[in-house]
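What follows is a set of notes on a single structure, which appears directly below.
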Amino acid sequence: MCGIFGYIGKKENAAEIILEGLKRLEYRGYDSWGVAVVPTEDPNKNNKIVVKKRIGKIGDANVDELPTATIGFGHTRWATHGGVTQKNAHPHLDCTKTIALIHNGIIENYDSLKKDLVSTSHRFISETDSEVAVHLIEEYLKKEAFEKSVQKAFLEFHGLNALIALHAREKKLIAVRNGSPLVVGFGNGENYIASDAAALLPHTKDVYFLEDNDMVVVSDTDVELYNVVTGKKKRITKQKLAWDVSSSELGAYPHFMLKEIHEQPGLIVDISISGISSAKKLAGIIKKAYGTYFVGCGTAAYACIAASYLFSKIAKHHINWAVGSEFSYHLDFLTNKSLVVALSQSGETMDILESIKAAKQRGARIASLVNVLGSTLYRESDYPFLIGAGPEKGVASTKAFIAKLSHLILTAYALKGAVSKGSLLLKKTSKAGKQIVTNEYVLKLKKLVQRIKNASDIYVIGRGISYPASLEAALKIKEISYIHAEGLAAGELKHGPLALVEKGTPCIVYAPLDETFGANLAGAMEMRARGGYIIGISPKPHEVFDYYLPIEDVGEASIIPGVMVAQLLAYYLTIEKGYDPDKPRNLAKSVTVK
Ligand code: AGP
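Under this note's numbering, think of the first position of the sequence shown as 282, with each following residue one higher.
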C-alpha cells in the first residue's frame, strides 16, 4: 500500500531527504510518486508550494529541480480511486497552491463532499478521492486556523484514512490517522513522519506510532499530539526501535527477498532461544481459552493451517484456523472465553484488523504474532507477541513466515510442557536450513529452473503439515514468477485436479519421512502416470522423482526446510523470467484496504 514520508528541520535539502525516504518505502508497492516542498527562499514571496509528481517507479529519478526547502513530504501511490496518472499522483494542492496534502486510505463519502466543493468554485485536477481533502481544508481555512481546518475536514471523512497536510506559511506538518498507519520519528532539531518505521531508521530510532484518531502537529523542534475527535491534548509515549539500519538495507544482496531468505537459518536459532518465554506465555493463554482460532491472510493464513497440524501432533491440542477475509462471516459462535490468534507480518492487513474487531465485539480475547512494533494489530491485541524477524521488505513474505512457524513449533512444545525439546528441534532445523542456502543447492535449483521456466502451470502436493507447505510453495511461485501454481492436499488430486496433469506438467511433491510418506509417493505416481514431471522434496530420493531436492529430516519442523526450497525456487524462476522478485506487479507488501 501507499508510502508516506515527511520531513521538517534545519537541513535545506528536504526534497532529497524525502525522496530517499520514499525509496525505503518502495517495497510497499506503488505505481506513481510525488514530492512537495515549501521553498525556503521565495523570490516572488508568493509562498507557493512546489511539487514534482511522476507515474511509474522512482528508479534513478531525482528532485534536483525542486528548490531548497526545510519542510515537505512525499508519497508513493498504489491506485485505488482514479487511474495511474500524473494528475492522480500525490501530493495534491488546493486552488491557491499554498496547501499540500498526501493521503492513504479511502474517503468513502468523497463524492458528496466533492459536489459541495465544486459548487463553491473549487477547481479539481484529479479523479481521486484524496484531492477532496485538500480543498476541504482550504475551505475551512477561510475561517479557521490551519490545525482546526485539518481537524474539521478529517472529521467529515467516512472510511479509514491517514493524511498529512502542510501549509506554505506555517512551518509545521499536520498528520491524522484512522486506519492506515503513521509513525513520527524524533530527530535533533528535526522531525519526521512516515507510513512505516523502517523508513525512519537512517535518521532516528525514537518513534511514536499514531493510534486511530491521533492528530500530530509537527514542527522542527516540537511534536504535539491531540485526539482529532475531542481536540484534547495527549501525552506522547515514545518507543525505541530495536532494528538497526543494516537490517533494513539491501547490503550485498541483489534483492531483499534473497537477503531475507538467507537470514532465516540465523533467525530460527535466535527464536529457539529468545522465543522460549513468549512461547510459554502464549501456550498458557491458549491452554486457558475455550476454543482457539488462528487467523491470517495469504502466507500468514498458511502459517495458521500449519499451526493446526503442529498443535495437534505435538501438543494433542485442537485449534481452528480461518482465512482473515472470511473469518468475519463465520465467527458468530465466538464467546468471551474464545481466543483469536492473529498472525500478521505487517500488523496492518485490513482483513485481519476487521476480523479481530468483529471478534472483540463478541468478547473474544486477541493474541497476535506480529512483526511490526506499534502496528495496529500489535496495539489492538490483548496479548501481542513480536515475531522478531526484523524488517521484511520483499513483498513475498519469507522470513516472517519461517519465524512464525518457529514460534508456533516452540509454543506447541511449550503447550506439551517440553519447550526445551522444541528449542533443540529448532536448532537442528536451522542447520537443515543452512544446507539449502548454499551455492551447491542453488545450482541444483537453477538447473531445475531451466527445466520448468516455461511451464504454464505448476502443481504442488503435500499431506499433513506438508499441505500448508504446498499452499505456501505455490503462492511463492505464482506471486513473483507469475507462473500459475496450485498447492493441493495430495489426497485431493484424484478428486479433480489430476485432470489437469499433462505430459511434462511440473508437479512438486513434498514427501517428509512421516506417516504421509507412502501416500505422497502414491500421489506422485498418479501424476507421473499422466506424464507429470515429478520434483521430489524429501529427505529420501525415490525412483518416482524425475528431479530430487534433498532436505534434512527434522520431524514436524520439516515444513521449514521444505518451504525454504520453494522460496529459492520461486526466486530463481523469477530472476530467469526477468521479473523483480521484490516488487511483483499488482501486489503490495501490506494490504491495508479491504
Ligand atoms: C505473502 O507472500 C504475500 N505477500 C501475502 O499473502 C501476505 O502474506 C498477506 O498479505 C498477509 O500480510 P501480513 O502478514 O502483513 O498480514
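Just so you know, even glycine gets a beta-carbon here, dropped at the ideal spot from N, CA and C.
### Query
Based on Cα-Cα distance, which residue from P749, N343, K378, A360 lies nearest to L591?
The residue with the shortest Cα to Cα distance from L591 is P749.
### Task
Return the chain-ordered list of same chain residues with a C-beta closer than 8 Å to the C-beta of P665, the five sequence neighbours on each side being excluded.
These residues qualify, in order along the chain: A648, S649, V651, L658, Y659.
### Query
According to DSSP, what are the bridge partners of Q520?
Answer is V488.
### Task
Answer with buried or exposed for E541, where buried requires no fewer than 16 other C-beta atoms within 10 angstroms of its C-beta.
With a 10 Å radius around the Cβ and a threshold of 16 neighbouring Cβ atoms, E541 comes out buried.
### Message
ligand 1 and S627: does the residue's C-beta get closer than 8 Å to at least one heavy atom of that ligand?
### Response
Yes.
### Message
I need the DSSP call for I567, collapsed to helix, strand or coil.
### Response
I567: helix per DSSP, three-state reduction.
#### Entry: Host beta strand (DSSP E) of C788 (start-end)
787-791 is the span of the beta strand (DSSP E), which, as asked, contains C788.
### Query
Hey, which unbroken runs of the beta strand (DSSP E) at 3 residues or more fall wholly within the region 765-811?
Taking only runs of at least 3 residues, the beta strand (DSSP E) segments lying wholly in the region 765-811 are 765-770, 787-791.
#### Entry: Presumed contact (8 Å Cβ cut-off) between S625 and A581, rounded CB distance
Under the criterion of beta carbons closer than 8 Å, S625 and A581 qualify as touching, at roughly 5 Å.
### Message
Checking the sheet assignment: what are the DSSP bridge partners for A275?
### Response
Coverage of the chain is limited to positions 282 through 875, which leaves residue 275 absent and any answer about it impossible.
### Task
Classify L667 as helix, strand or coil using the three-state DSSP reduction.
L667: strand per DSSP, three-state reduction.
### Message
Less than 9 Å between the beta carbons of D410 and Y391, yes or no?
### Response
Result yes, Cβ atoms of D410 and Y391 sit closer than 9 Å.
### Task
May I ask you to check if the CB of K304 is nearer than 8 Å to at least one heavy atom of ligand 1?
Not one heavy atom of ligand 1 falls within 8 Å of the beta-carbon of K304.
### Query
Should R516 go down as buried or exposed, given a rule of 16 or more other Cβ atoms within 10 Å for buried?
R516 comes out exposed.
### Query
Per DSSP, what kind of secondary structure is V844 in: helix, strand or coil?
Helix at V844.
### Task
Output yes or no for whether 9 Å exceeds the beta carbon distance between I690 and E837.
Yes, the Cβ-Cβ distance between I690 and E837 is below 9 Å.
### Query
The alpha helix (DSSP H) with K630 in it runs from where to where?
The question names Lys, but residue 630 in the sequence shown is Thr. First-last for T630: undefined, no H or E at that position.
### Query
Should the region 603-614 be called in touch with the region 630-645, which here means at least 3 C-beta pairs below 8 Å?
Under the 8 Å Cβ criterion, the region 603-614 counts as touching the region 630-645, having at least three qualifying pairs.
#### Entry: Buried or exposed (CB count within 10 angstroms, at least 16 for buried), L491
Classification of L491: buried, given that the 10 Å Cβ count is 16 or more.
### Close-in-space but distant-in-sequence residues of the same chain around Q432 (CB under 7 Å, 5 per side omitted)
Here the set comprises M496, V509, G512.
### Query
Over what stretch of residues does the beta strand (DSSP E) that includes E505 continue unbroken?
Counting along the chain, the unbroken beta strand (DSSP E) around E505 starts and ends at 504-508.
### Task
Could you work out which residue in N801, V332, E629 is closest to A478 when comparing CA atoms only?
The residue among N801, V332, E629 with its C-alpha nearest the C-alpha of A478 is E629.
### Query
Excluding five sequence neighbours on each side, which residues of the same chain lie with their C-beta closer than 6 Å to the C-beta of T692?
Result list for T692: A560, L563, A564, in chain order.
### Task
Would you kindly work out how many angstroms separate the C-alpha atoms of I567 and Q642, rounded to a whole number?
Distance between the alpha carbons of I567 and Q642 is about 20 Å.
### Task
Indicate the three-state DSSP secondary structure (helix, strand or coil) for G675 in the structure shown.
G675 sits in coil when the DSSP states are folded into three classes, being neither helix nor strand.
### Query
How many angstroms separate the CA atom of F614 from the CA atom of W602?
So the two alpha carbons sit approximately 14 Å from each other.
### Message
If you reduce the DSSP assignment to three classes, tell me which class R404 lands in.
### Response
Here R404 sits in coil by DSSP.
### Query
Is it the case that the CB of C578 approaches a heavy atom of ligand 1 more closely than 8 Å?
The answer is yes for C578.
### Query
To which residues of the same chain is H599 closer than 7 Å at the C-beta, ignoring the five residues directly before and after it?
Excluding sequence neighbours, H599 sits near S593.
#### Entry: Residue environment, N385, which counts as buried when at least 16 other CB atoms sit within 10 Å
A residue is called buried once 16 or more other Cβ atoms fall within 10 Å of its Cβ, and N385 is buried on that count.
### Task
Establish whether the CB of A770 and some CB of chain D are separated by less than 9 Å.
Of the protein chains in this structure there is only one, and it is not chain D.
### Query
Terminal residues of the continuous beta strand (DSSP E) containing V730?
V730: not part of any beta strand (DSSP E); member of the alpha helix (DSSP H) spanning 720-733, first to last residue.
### Query
Does the pairing of the region 764-781 with the region 734-752 give three or more beta-carbon distances under 8 Å?
The region 764-781, when compared against the region 734-752, does touch it at the 8 Å Cβ threshold.
### Query
Just curious, the beta strand (DSSP E) that H356 is in, first and last residue?
Counting along the chain, the beta strand (DSSP E) containing H356 begins and ends at 350-358.
### Message
For a test of the three-state rule: what should DSSP assign to T573, helix, strand or coil?
### Response
Correct three-state label for T573: strand.
#### Entry: Proximal residues to S500 (C-beta, below 7 Å), its chain only, five neighbours per side dropped
So the list reads I289, K452, K453, once near-sequence residues are dropped.
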